[in-house]
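Accompanying notes for the structure given below.
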Amino acid sequence: MKKAAFTENWTCNGTSVIVPHDAMIHEKRTADAAGGSAHGYFPGGIYTYEKKFFIPAEWKEKYLAVEFEGVYKNAEVFLNGKKLYERPYGYVPFLVRLDENANYGEENLLTVIADNSKLPNSRWYTGSGIYRPVNLYLSERTHISYQGVKITTLSCKPAKIRIEGKLEGIDSAKEYGVRMQIQDGETTIAEKFVKVNAAQSGNEKATAVAEIELPEARLWDEESPNLYLAKIILEEGEKILDTAEERFGIRKLSWSTKGFFVNGKATLLRGGCVHHDNGILGAASWEKSERRRVKIMKEDGFNAIRSSHNPASEAMLRACDELGMYVMDETFDTWYNRKNKYDYGCDFEAWWEADTTAMVERDYNHPSVILYSIGNEVAEPCEKKGLQVGSAMIECIHSHDHTRPVTCGTNLMVMGRAAKGQGIYQDGETNTTSSSKEQKKESNNSLAFNIMASFIGSGMNKGGNSKKVDAISSPFLDRLDIAGYNYGSGRYPLEGKAHPERIVFGSETFPQDIWKNWKMVKEYPYLIGDFMWTAWDYLGEAGIGAWSYTGGMPFNRPYPWLLGGAGVINILGNPDASCRYAAVIWEKNSKPVIGVRPANHPGVRVSKSVWRGTNAIESWSWSGCEGNKTIVEVYGNGATVKLYLNNKLIGKKKLKQCKALFSVKYKSGSLCAIQYDAQEKEIGRSRLLSAEGEKRISVCPEEKQVKAGDIVYVDISVKGANGIVESAADEQLNCRVKGGVLLGFGSADPCTTEAYDTGKFKTYYGRAQAVVYTPETGTIRVEAEGEHSRGEAVIEVV
Numbered sequence: 001m002k003k004a005a006f007t008e009n010w011t012c013n014g015t016s017v018i019v020p021h022d023a024m025i026h027e028k029r030t031a032d033a034a035g036g037s038a039h040g041y042f043p044g045g046i047y048t049y050e051k052k053f054f055i056p057a058e059w060k061e062k063y064l065a066v067e068f069e070g071v072y073k074n075a076e077v078f079l080n081g082k083k084l085y086e087r088p089y090g091y092v093p094f095l096v097r098l099d100e101n102a103n104y105g106e107e108n109l110l111t112v113i114a115d116n117s118k119l120p121n122s123r124w125y126t127g128s129g130i131y132r133p134v135n136l137y138l139s140e141r142t143h144i145s146y147q148g149v150k151i152t153t154l155s156c157k158p159a160k161i162r163i164e165g166k167l168e169g170i171d172s173a174k175e176y177g178v179r180m181q182i183q184d185g186e187t188t189i190a191e192k193f194v195k196v197n198a199a200q201s202g203n204e205k206a207t208a209v210a211e212i213e214l215p216e217a218r219l220w221d222e223e224s225p226n227l228y229l230a231k232i233i234l235e236e237g238e239k240i241l242d243t244a245e246e247r248f249g250i251r252k253l254s255w256s257t258k259g260f261f262v263n264g265k266a267t268l269l270r271g272g273c274v275h276h277d278n279g280i281l282g283a284a285s286w287e288k289s290e291r292r293r294v295k296i297m298k299e300d301g302f303n304a305i306r307s308s309h310n311p312a313s314e315a316m317l318r319a320c321d322e323l324g325m326y327v328m329d330e331t332f333d334t335w336y337n338r339k340n341k342y343d344y345g346c347d348f349e350a351w352w353e354a355d356t357t358a359m360v361e362r363d364y365n366h367p368s369v370i371l372y373s374i375g376n377e378v379a380e381p382c383e384k385k386g387l388q389v390g391s392a393m394i395e396c397i398h399s400h401d402h403t404r405p406v407t408c409g410t411n412l413m414v415m416g417r418a419a420k421g422q423g424i425y426q427d428g429e430t431n432t433t434s435s436s437k438e439q440k441k442e443s444n445n446s447l448a449f450n451i452m453a454s455f456i457g458s459g460m461n462k463g464g465n466s467k468k469v470d471a472i473s474s475p476f477l478d479r480l481d482i483a484g485y486n487y488g489s490g491r492y493p494l495e496g497k498a499h500p501e502r503i504v505f506g507s508e509t510f511p512q513d514i515w516k517n518w519k520m521v522k523e524y525p526y527l528i529g530d531f532m533w534t535a536w537d538y539l540g541e542a543g544i545g546a547w548s549y550t551g552g553m554p555f556n557r558p559y560p561w562l563l564g565g566a567g568v569i570n571i572l573g574n575p576d577a578s579c580r581y582a583a584v585i586w587e588k589n590s591k592p593v594i595g596v597r598p599a600n601h602p603g604v605r606v607s608k609s610v611w612r613g614t615n616a617i618e619s620w621s622w623s624g625c626e627g628n629k630t631i632v633e634v635y636g637n638g639a640t641v642k643l644y645l646n647n648k649l650i651g652k653k654k655l656k657q658c659k660a661l662f663s664v665k666y667k668s669g670s671l672c673a674i675q676y677d678a679q680e681k682e683i684g685r686s687r688l689l690s691a692e693g694e695k696r697i698s699v700c701p702e703e704k705q706v707k708a709g710d711i712v713y714v715d716i717s718v719k720g721a722n723g724i725v726e727s728a729a730d731e732q733l734n735c736r737v738k739g740g741v742l743l744g745f746g747s748a749d750p751c752t753t754e755a756y757d758t759g760k761f762k763t764y765y766g767r768a769q770a771v772v773y774t775p776e777t778g779t780i781r782v783e784a785e786g787e788h789s790r791g792e793a794v795i796e797v798v
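Numbering (UniProt numbering), first residue to last: 1 to 798.
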């Protein structure tokens with residue numbers, strides 16, 4: 001089928017919008033918003049999208065359909081006033097056939113209603129509306145089915161694949177042929193022709209199957225993400241009826257208690273959990289946004305993403321295919337026992353099979369997807385019904401795809417408590433022993449779990465160690481191909497003896513535990529990786545991971561808290577020191593890393609979070625902070641490290657768990673760390689400098705030239721004359737765009753009353769960001785102005 005973007009000329013509640021579009025990010029946040037801290041104090045709403053489009057008369061005998069990659073939530077689709085389809089879940093793609101209800105030769109009205117009015121319905125920020133792309137499909141009535149091409153790697157040496165092409169609208173009286181071509185760039189490297197006789201199938205559907213050997217093929221993995229194009233051509237005699245194209249990689253997975261293997265090579269997963277929002281853009285899923293995130297994570301040492309806790313966007317999967325990032329794609333955060341009053345638990349029993357199938361069918365040809373997860377911290381498997389449901393979900397996935405393992409992000413302590421009648425979530429009501437009016441009011445989202453985690457701390461890692469919890473969880477865990485443990489690292493050393501056939505990994509872990517967790521990953525072959533919470537910061541679940549200088553507990557933080565604060569990479573894409581720490585431990589960074597805890601809060605006691613081991617950033621530029629005490633953290637793989645301030649030795653320390661801490665009084669200039677091996681030989685050094693001279697606004701696009709219809713990220717910061725960002729001189733900025741559309745402007749401040757769609761925002765640790773839409777060719781000028789200076793940049797649009 002011919003596929004075309006269908007994202008222009010939409011309105012939302014009567015206002016012209018650019019799709020993908022997140023309606024929630026434009027709502028006014030309030031302290032009494034029904035979704036509370038989970039939704040970042042954003043309200044919900046009902047959003048009516050409309051698009052008028054002309055359908056030519058010559059399309060009357062064609063197949064016509066529209067694909068929505070994601071609509072949050074409770075989507076209803078109408079054509080010319082007639083309801084055609086509905087889909088409650090907001091994270092899976094769905095196809096709506098239009099040809100049977102179209103008005104040919106005239107204008108048609110496509111209407112989509114997204115009802116996200118009932119909150120809370122999630123434990124994090126969801127966004128609202130048509131937040132992922134829309135596509136139009138057109139073909140002959142006899143065509144290759146939507147998502148009808150499946151490509152399976154049969155072997156690597158030699159490379160051999162099987163291609164299946166599902167066909168629809170077949171006339172049993174006719175004979176068809178399917179030509180299958182494999183292309184490497186512009187070159188066709190293999191081709192097969194398969195005859196298809198619909199009379200043999202007895203209906204209007206048929207499947208063409210061919211096996212193709214590619215002896216010179218290059219395999220796909222994280223280091224060499226080689227991709228090929230499969231072109232499937234449906235023919236009737238000399239006539240071409242339809243064509244489908246699929247990008248794919250040749251790679252084969254295997255797993256055992258000896259490890260996880262990609263193309264026969266042992267692979268350890270350096271993973272991070274990622275929610276679906278794109279920071280200042282809200283939930284809007286732009287191709288460049290998803291690719292940028294994957295690229296930054298790859299550069300920072302990650303090789304795997306857990307899509308938490310819903311199916312990833314198609315754009316993210318494409319980026320992972322192209323850049324070499326493994327993906328654990330996840331179905332749901334909740335099963336039939338709701339975690340929030342209006343969440344997916346309301347629809348689970350009616351829709352889980354269709355939604356699970358939609359994810360697997362969409363993911364099948366993406367080589368980056370290596371794991372399917374059927375849930376996150378669900379307690380249901382401790383009871384008979386839940387165990388049956390879990391088994392059915394596993395079987396459902398295996399029936400559609402037997403090439404990938406099935407897992408689940410299982411919290412052993414949560415399951416153990418539920419078995420004793422102490423479940424944290426009881427059909428949308430949070431089970432907490434506190435009598436606090438505020439906590440009862442906020443009986444939604446992650447409150448009870450976050451309270452428990454905050455007080456237990458890293459002790460939660462041992463919550464699944466008891467024999468009772470093991471007995472409760474094992475019937476479910478043993479049905480999984482690979483068992484995922486959320487905060488269950490205490491079981492890692494036990495499993496080799498207790499469950500010698502079980503393969504496990506850390507599906508969710510504390511970032512500060514990376515040293516001890518990775519040590520065990522390397523030690524136990526049945527432990528295949530670690531996914532920290534989280535790799536990238538996110539909207540909602542406000543303040544859960546933030547270190548705060550304004551007091552309070554790190555859960556249920558009040559308005560105007562906005563961001564989770566748990567990401568080792570902030571919402572702008574800037575890694576903090578703990579992100580660099582992980583790269584050091586993974587041996588992806590050979591130089592020492594210097595992290596500095598903010599020096600601009602002298603004498604203020606910081607409120608810490610169990611989800612963060614530090615709030616240090618790579619900056620030694622804190623104007624007005626001379627003499628303030630701070631903690632400098634140095635990470636490295638050496639034996640010892642020396643720290644110098646302005647060429648004066650501060651101290652020498654052993655690197656324990658790849659880390660050394662120094663108490664330092666801030667003085668502007670140069671901070672240098674030199675690490676040494678056991679023989680006192682220097683093996684690397686790093687330096688941080690202070691901003692010097694007059695501070696000015698810097699506007700720096702990440703690309704100087706972009707295509708029309710795309711977006712561009714623009715870094716905006718307060719810098720000294722030497723080009724160093726100043727971390728302690730934040731100022732209010734006004735951002736203006738000429739020739740383009742400012743989609744979002746903001747900073748990584750986790751607690752603010754500012755909005756991303758106003759063009760006004762205060763920098764945070766000296767940094768802000770703008771995202772600009774480029775509607776047409778020409779030039780775009782981006783300007784940022786503060787109280788004392790302004791900056792600008794010009795971007796060429798081609």
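Built from N, CA and C at the ideal position, the CB exists for glycine as well.
Since this is a predicted model, take the numbers as computed values, not measurements.
For residue i: DSSP bridge partner residues
i           : result
Tyr-125     : Note: Tyr-125 sits in no beta bridge, so no partner.
residue 799 : The chain is shown only over 1 to 798; residue 799 falls outside these bounds and no answer can be derived.
Ser-607     : Ser-548
Gly-506     : Tyr-485, Asp-530
Asn-197     : Glu-175
Thr-640     : Lys-654, Tyr-676
Range covered by the beta strand (DSSP E) that runs through residue i
i       : result
Ser-289 : Not the beta strand (DSSP E): Ser-289 falls in the alpha helix (DSSP H), residues 287–299.
Gly-167 : In the sequence as displayed, the identity of residue 167 is Leu instead of Gly. That run of the beta strand (DSSP E) goes 159–168.
Gly-791 : 790–797
Glu-787 : No beta strand (DSSP E) contains Glu-787, which DSSP labels as neither H nor E.
Gly-654 : Contrary to the premise, residue 654 reads as Lys rather than Gly in this sequence. Taken as a continuous stretch (DSSP letters only), the beta strand (DSSP E) holding Lys-654 covers 648–654.
Ala-660 : 659–665
Val-699 : 696–701
Delimiting residues of the alpha helix (DSSP H) encompassing residue i
i       : result
Pro-475 : 467–477
Trp-620 : Counting along the chain, Trp-620 falls outside any alpha helix (DSSP H), and DSSP gives it neither H nor E.
Thr-777 : First-last for Thr-777: undefined, no H or E at that position.
Ile-585 : 577–585
Ser-321 : Checking the displayed sequence, the identity of residue 321 turns out to be Asp instead of Ser. 314–323 is the extent of the alpha helix (DSSP H) around Asp-321.
Asn-517 : 514–523
Gly-496 : 495–498
Proximal residues to residue i (C-beta, below 6 Å), its chain only, five neighbours per side dropped
i       : result
Glu-380 : Trp-335, Asn-337, Gly-386
Val-194 : Val-178, Ala-208, Ala-210
Met-316 : Glu-290
Glu-703 : Val-712
Asn-74  : Pro-88, Asp-115
Phe-52  : The residue asked about is misnamed: residue 52 is Lys in this sequence, not Phe. Around Lys-52: Glu-107, Leu-109.
Trp-10  : Val-17, Val-19, Tyr-49, Lys-51
Gly-746 : Ile-280, Tyr-756, Phe-761
Tyr-538 : His-275, Asp-277, Gly-564
Cβ neighbours of residue i in the same chain (closer than 8 Å, five flanking residues each side left out)
i       : result
Glu-438 : The predicted model places Glu-438 with a pLDDT of 41, which falls under 50 and marks its position as unreliable; any figure quoted below should be read in that light. Excluding sequence neighbours, Glu-438 sits near Asn-556.
Glu-349 : Tyr-336
Cutoff 7 Å; reference residue i; Cβ partners in own chain excluding five residues on either side
i       : result
Gly-279 : Ile-571, Leu-572
Thr-267 : Phe-260, Phe-261
Phe-6   : Val-66, Val-134, Asn-135, Leu-136
Tyr-91  : Gly-70, Asn-310, Pro-311
Ala-577 : Val-593, Gly-595, Thr-614, Ala-616, Ile-617, Glu-618, Glu-633
Output the residue ranges of the beta strand (DSSP E) runs that lie fully inside the segment 58–112 and measure 3 residues or longer, sorted by chain position. 62–68, 75–79, 82–87, 94–97
Is it the case that the segment 125–132 contacts the segment 102–110, given that we only count it when at least three CB pairs across the two stretches are under 8 Å? no
Only counting runs of 4 or more residues, tell me where the alpha helix (DSSP H) segments fall wholly within the segment 360–429, in order along the chain. 384–400, 412–419
Are there three or more Cβ pairs, one per stretch, closer than 8 Å when the segment 167–183 is compared with the segment 93–104? no
Taking the runs of the beta strand (DSSP E) that are 3 residues or longer, which of them lie wholly in the segment 723–774? 732–738, 741–746, 760–762, 767–774
Complete beta strand (DSSP E) runs within the segment 12–61 (minimum length 3 residues, chain order): 15–17, 45–55
Pairing CB atoms from the segment 358–376 with CB atoms from the segment 298–315, are three or more of them under 8 Å? yes
Under 8 Å: do the segment 585–602 and the segment 68–82 share three or more Cβ pairs, one atom per stretch? no
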